[in-house]
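In my numbering, the protein residues as written are 106 to 237. Backbone N, C-alpha and C define an ideal beta-carbon position, used for all residues, glycine too. Just so you know, these numbers come straight off a predicted model, no measurement behind them. First up is the structure itself, then whatever we jot down about it.
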């Protein structure tokens, strides 16, 4: 078989795996939405979908490669998702003029809390990796 035929087959295989990974991501999001609606839990559906994805990846290790292949470009361009939120904040600038202190405090404290939790999670995972 020629070199071009082998690389074409590999490219098709990558596309199929990426589509499978994207389907898993969408299925987890839909399952999270359905679960939140069915149970009435006060959790955002996307967070529930992420929890379902974590369980699926823990149970089915073979999903890791396709999901990673599909998630990489999404994560690479994730900053585009924040443009509507920033535009919404700018649209409500008059409200922010009067209540800027709680907004700034929540932003700074939320960012700091996220940073601390991320660092602690990273340390715990690195210790687990050193033990193994």
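I need the boundaries of the alpha helix (DSSP H) containing residue i, first residue and last residue.
i           : result
residue 207 : 205-236
residue 194 : 188-196
residue 147 : Taken as a continuous stretch (DSSP letters only), residue 147 belongs to no alpha helix (DSSP H), as it is neither H nor E.
residue 174 : 169-181
Given a cut-off of 8 Å, decide if residue j and residue i are closer than it, judged by their beta-carbon atoms.
i           : j           : result
residue 66  : residue 171 : This structure leaves residue 66 out entirely; the chain is present only between 106 and 237.
residue 153 : residue 141 : yes
By a C-beta neighbour count over all protein chains shown, 10 Å radius and 16 as the cutoff for buried, is residue i buried or exposed?
i           : result
residue 160 : exposed
residue 133 : buried
For residue i, I'd like the list of residues in its chain whose CB is within less than 7 Å of its CB, leaving aside the five on either flank, ordered along the chain.
i           : result
residue 175 : 123, 126, 127 and 130
residue 229 : none
residue 168 : 129, 161 and 162
residue 145 : none
Apart from the five residues on each side of it in sequence, which residues of its chain come closer than 8 Å, Cβ to Cβ, to residue i?
i           : result
residue 208 : 201
residue 164 : none
residue 232 : none
residue 173 : 126
With a CB to CB cut of under 6 Å and the five nearest residues on each side skipped, what residues in its chain are close to residue i?
i           : result
residue 150 : 137, 138 and 141
Can you tell which of the options has its C-alpha closest to the C-alpha of residue i?
i           : options          : result
residue 135 : 234, 121 and 157 : 157
residue 194 : 180, 179 and 212 : 212
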